[in-house]
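Residue numbers (our numbering), protein chains in the order written: chain F, 181 to 469; chain X, 40 to 304.
Beta carbons are placed, not taken as given, at the ideal position from N, Cα and C, and that holds for glycine.
Source: prediction; values computed, not measured.
In what follows, a single structure is set out as structure tokens and then discussed.
Next up, the structure:
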């Protein structure tokens, strides 16, 4: 095919492209924040429509990941949520380089202080203690701040005889806090045990994605464990397992449906029915408003 | 010695393994097997025996000495059955008022399809949950590697001690390097920054004590054994003298204290 590789016989100028003062390239763009592309059907949807539809694609019904605030809004009666430990943030226990800067940046971009919101409020008038993790904050990874906020919430629920509801969404332990993150698993689990020993209800709802140290602690300790369709829930990362066995895993591996089939979930509940489901379960445990 | 040198020592194939400690410390050790739910995981060894005349429950996570034993022990990485066997024996210890002595040498919990299918996360979580209020003293020794949640599951009791050259970490330095530096080759730097050595972890109050290896653990194994026996004996004396409620309160606070936070308004 040498015939197509014609040698060029003309000069090229060694100019510095920066000096050429070219006009900035104009790319076709979508105004930020107005449209959202669905990760499943790849259709463009109005962001506003997505939000009012509790982050479910109106075109194909796929679930988008939900932030902590949106989660609480979807579950707790309007105007009844009181946040606890709102100002708690972590430190840098291992003096990990640039960790504070990273946190600062994420705090600014997400408007969150840490990867979990905790507080109390009402579900169709019934009082609950509730936590929602936020997958947008370093993948909801659990460091000291999340461990502390959750433990304070669980202890609050225990003292006030409140049922506990935790929506988790987490990549697992926060690596930058090393072994201190690992200790949070034992700390939160012990608090849940005390809450449980008082005869109080804990409903755990691992959502997309819940993995690693969060799966191996409080996410799997609910009296009732629920999830949403197709949510990823597992202990070891998919790529780690694929790397070990050197073959691709089936698509539904570690999905909510997979866990349901293997006996690790009580039910897979549609997002739009979650509040009603929780209300029914709370009533069955004779919690009153 | 650098942290990485410690990692190499902790992983040394000639290093004494949990069963070597058990044979020296426990008299009339009787192995008890199976989780009564699915199977028997050989990565976890469990049983009963005498410690200085007192009946105790002994649990260990162990890799193998050679390739054959490693295959049997899944290279020291338990499946959910292993954790459920450990939990069964811990509950049994509670029933018969036996203290629990645990030895740990694991890279971490097993990562496999079967482990996920049988609920690895749930199995570990239940160990943490039940350990929190188990009505009998629990002491753990990390003798080699203490890999992440897979080790923590059996180190959630009253005291954790480490051998001088053991390591205890959130994941392997290689894994840490590939996650945080997007390249597995910075494992030496990672091992320094992660604080995984016995000295660092004692300073961070993650562990209660360090067991000396007396220069070379293989040559001076008997001396190390005496130190471990003394540590267990002191522990049993202390816990015997304290009330159960105080023991459980101290156990709760042992973990409750981890994680300094601050206020940001």
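Any non-hydrogen atom of the ligand ATP closer than 8 Å to residue i Cβ
| i | result |
| --- | --- |
| residue 176 of chain X | Only the bare structure without any ligand can be found here, which leaves the ligand ATP out of the picture. |
Outcome for residue i when other beta-carbon atoms lying within 10 angstroms are tallied against a minimum of 16
| i | result |
| --- | --- |
| residue 243 of chain F | buried |
| residue 55 of chain X | buried |
| residue 411 of chain F | buried |
| residue 112 of chain X | buried |
| residue 204 of chain X | buried |
| residue 357 of chain F | buried |
| residue 102 of chain X | buried |
| residue 182 of chain X | buried |
| residue 343 of chain F | buried |
| residue 281 of chain F | exposed |
| residue 370 of chain F | buried |
| residue 259 of chain F | exposed |
| residue 427 of chain F | exposed |
| residue 277 of chain F | exposed |
| residue 135 of chain X | exposed |
Whole-angstrom distance between residue j and residue i, CA atom to CA atom
| i | j | result |
| --- | --- | --- |
| residue 248 of chain X | residue 166 of chain X | 23 Å |
| residue 119 of chain X | residue 151 of chain X | 11 Å |
| residue 483 of chain F | residue 229 of chain F | Since the first residue of chain F shown is 181 and the last is 469, residue 483 of chain F is not available in this structure. |
| residue 368 of chain F | residue 435 of chain F | 24 Å |
| residue 286 of chain F | residue 279 of chain F | 11 Å |
| residue 299 of chain X | residue 324 of chain F | 7 Å |
| residue 337 of chain F | residue 467 of chain F | 13 Å |
| residue 146 of chain X | residue 184 of chain X | 6 Å |
| residue 48 of chain X | residue 234 of chain F | 53 Å |
| residue 144 of chain X | residue 194 of chain X | 11 Å |
| residue 227 of chain X | residue 236 of chain X | 13 Å |
| residue 259 of chain X | residue 63 of chain X | 13 Å |
| residue 71 of chain X | residue 130 of chain X | 13 Å |
| residue 61 of chain X | residue 127 of chain X | 19 Å |
| residue 199 of chain X | residue 178 of chain X | 6 Å |
Contacts that residue i makes with chain C (C-beta to C-beta distance below 7 Å)
| i | result |
| --- | --- |
| residue 172 of chain X | Looking for chain C here will not work: the only protein chains present are F and X. |
Any chain X beta carbon closer than 9 Å to residue i
| i | result |
| --- | --- |
| residue 271 of chain F | yes |
| residue 417 of chain F | yes |
| residue 234 of chain F | no |
| residue 420 of chain F | yes |
| residue 313 of chain F | no |
| residue 389 of chain F | no |
| residue 165 of chain F | There is simply no residue 165 of chain F to check, as chain F begins at 181 and stops at 469 in what is shown. |
| residue 395 of chain F | yes |
| residue 339 of chain F | no |
| residue 295 of chain F | no |
| residue 290 of chain F | no |
| residue 277 of chain F | yes |
| residue 370 of chain F | yes |
| residue 463 of chain F | no |
| residue 433 of chain F | yes |
| residue 398 of chain F | yes |
| residue 413 of chain F | yes |
| residue 306 of chain F | no |
| residue 362 of chain F | yes |
| residue 392 of chain F | yes |
| residue 424 of chain F | yes |
Contact set between residue i and chain F, taken where Cβ atoms lie within less than 7 Å
| i | result |
| --- | --- |
| residue 300 of chain X | 268, 269, 270, 271, 324, 325, 328 |
| residue 303 of chain X | 267, 269, 293 |
| residue 291 of chain X | 370 |
Cβ separation of residue i and residue j, assumed to be a contact under 8 Å, to the nearest whole Å
| i | j | result |
| --- | --- | --- |
| residue 418 of chain F | residue 315 of chain F | That belief does not hold up - the Cβ atoms of residue 418 of chain F and residue 315 of chain F are roughly 16 Å apart, past 8 Å. |
| residue 327 of chain F | residue 294 of chain F | Contact doesn't hold; Cβ gap of about 10 Å is too wide. |
| residue 443 of chain F | residue 391 of chain F | Not really, about 19 Å apart at Cβ, beyond 8 Å. |
| residue 256 of chain F | residue 301 of chain F | 4 Å |
| residue 262 of chain F | residue 297 of chain F | Not quite, the Cβ-Cβ distance comes to about 11 Å (not below 8 Å), so this is no contact. |
Chain-ordered neighbours of residue i on chain X, where CB pairs are closer than 8 Å
| i | result |
| --- | --- |
| residue 367 of chain F | 294, 295, 297, 298 |
| residue 429 of chain F | 152 |
| residue 401 of chain F | 164, 165, 168 |
| residue 331 of chain F | 295 |
Interface flag, residue i vs chain F, CB-CB below 9 Å
| i | result |
| --- | --- |
| residue 232 of chain X | yes |
| residue 82 of chain X | no |
| residue 192 of chain X | yes |
| residue 70 of chain X | no |
| residue 106 of chain X | no |
| residue 188 of chain X | yes |
| residue 280 of chain X | no |
| residue 42 of chain X | no |
| residue 286 of chain X | no |
Partner residues on chain F for residue i, Cβ-Cβ distance less than 8 Å
| i | result |
| --- | --- |
| residue 207 of chain X | 359 |
Proximal residues of chain X, C-beta to C-beta of residue i below 9 Å
| i | result |
| --- | --- |
| residue 317 of chain F | What residue 317 of chain F touches in chain X: nothing, since even the nearest Cβ is about 14 Å away. |
Chain-ordered chain F contacts of residue i [CB-CB under 9 Å]
| i | result |
| --- | --- |
| residue 219 of chain X | 276, 355, 356 |
Chain X contact residues for residue i, given Cβ-Cβ distances below 7 Å
| i | result |
| --- | --- |
| residue 444 of chain F | 158, 161 |
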